[in-house]
Amino acid sequence: MAVYATRDDFKRFTRDMGPERATNLRKTAASRPLSGSTFLSHSSKDDELVAGAISVLENHGAMVYVDEIDPEMPPYTSVKTAALLKTRIRDTSRFVLLASTNSKDSRWVPWELGTADGVKIPAHIALFPASDSRYEQSWASWEYLGLYDRIVWGKLNGYDGDIWMVLDEKSNTATELGKWLRGY
Numbered sequence: 001m002a003v004y005a006t007r008d009d010f011k012r013f014t015r016d017m018g019p020e021r022a023t024n025l026r027k028t029a030a031s032r033p034l035s036g037s038t039f040l041s042h043s044s045k046d047d048e049l050v051a052g053a054i055s056v057l058e059n060h061g062a063m064v065y066v067d068e069i070d071p072e073m074p075p076y077t078s079v080k081t082a083a084l085l086k087t088r089i090r091d092t093s094r095f096v097l098l099a100s101t102n103s104k105d106s107r108w109v110p111w112e113l114g115t116a117d118g119v120k121i122p123a124h125i126a127l128f129p130a131s132d133s134r135y136e137q138s139w140a141s142w143e144y145l146g147l148y149d150r151i152v153w154g155k156l157n158g159y160d161g162d163i164w165m166v167l168d169e170k171s172n173t174a175t176e177l178g179k180w181l182r183g184y
């Protein structure tokens with residue numbers, strides 16, 4: 001059975017890598033080439049979860065981009081911020097939303113998801129739930145989130161043990177996370 005990662009899981013992933021590696025991981029994610037990268041959208045209120053999410057994705061072959069410390073971003077949000085984010089989302093290969101209960105309160109997260117939906121095929125967009133418990137889904141309170149596949153942990157036919165995978169809950173099919181990131 002597939003389960004969602006919890007907020008505590010992401011915090012543990014970050015803690016296990018140590019503060020220096022977590023900081024370096026985030027800095028690298030803000031300054032890498034966009035081509036072939038995965039855009040990681042998240043609420044600023046989930047800052048403590050980001051390094052853990054980057055770690056999972058990069059351990060499966062992703063090159064993750066996050067916008068928060070991108071040197072080209074203006075210091076204050078503006079029309080230029082929106083235009084630059086739109087370009088960044090378009091120019092990356094995949095879009096992953098670190099979805100939590102904080103996401104719905106964000107000014108930018110819904111806009112980023114809508115932008116990704118407009119420029120990417122649905123198979124290139126996934127939600128990475130950060131729930132309070134393994135099966136809890138309050139983070140999915142927007143009905144339209146049901147349109148997107150989810151990154152989950154569990155058993156997948158053809159693999160020994162549990163793995164990270166991208167699950168299509170509508171068809172109950174999944175793809176190993178690394179394969180999804182590489183485009184199957």
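FYI, the UniProt record's numbering numbers position 89 of the sequence shown as 89, with every residue one higher than the one before it. Idealized CB from N, CA, C, for every residue including glycine. Computed from a predicted model, the values in this text were never measured in an experiment.
Distance CB(residue i)-CB(residue j) smaller than 8 angstroms
| i | j | result |
| --- | --- | --- |
| Leu147 | Ala2 | no |
| Arg21 | Met63 | no |
| Phe39 | Ile89 | yes |
| Met17 | Ala51 | yes |
| Ala5 | Trp142 | no |
| Asn102 | Asp46 | yes |
| Leu84 | Tyr65 | no |
Spatial distance of residue i from residue j (CA atoms)
| i | j | result |
| --- | --- | --- |
| Trp164 | Trp180 | 10 angstroms |
| Ile151 | Val96 | 9 angstroms |
| Asn157 | Val119 | 32 angstroms |
| Ser44 | Pro75 | 15 angstroms |
| Asp117 | Tyr159 | 31 angstroms |
| Lys104 | Pro110 | 7 angstroms |
| Lys27 | Thr87 | 20 angstroms |
Run of the alpha helix (DSSP H) containing residue i, from where it starts to where it stops
| i | result |
| --- | --- |
| Glu58 | 47-58 |
| Gly178 | 177-182 |
Residues of its chain near residue i, where Cβ-Cβ distance is below 7 angstroms and the 5 sequence neighbours each way are ignored
| i | result |
| --- | --- |
| Tyr184 | Thr175 |
Same chain, Cβ closer than 8 angstroms to residue i, neighbours up to 5 away in sequence not counted
| i | result |
| --- | --- |
| Leu49 | Arg7, Phe10, Lys11, Thr14, His42, Leu98, Ser100, Ala130 |
| Glu58 | Leu25, Val64 |
Limits of the beta strand (DSSP E) - the one that residue i falls within
| i | result |
| --- | --- |
| Leu167 | 162-168 |
Contacting residues, own chain, Cβ-Cβ under 6 angstroms from residue i (five flanking each side not counted)
| i | result |
| --- | --- |
| Lys80 | Pro74 |
(message) Restricting to runs no shorter than 4 residues, where is the alpha helix (DSSP H) found entirely within the stretch 62-150?
(response) 79-91, 109-119
(message) Quick check for students: name the residue ranges of the alpha helix (DSSP H) that lie wholly in the stretch 16-41, counting only runs of 4 or more.
(response) 19-29
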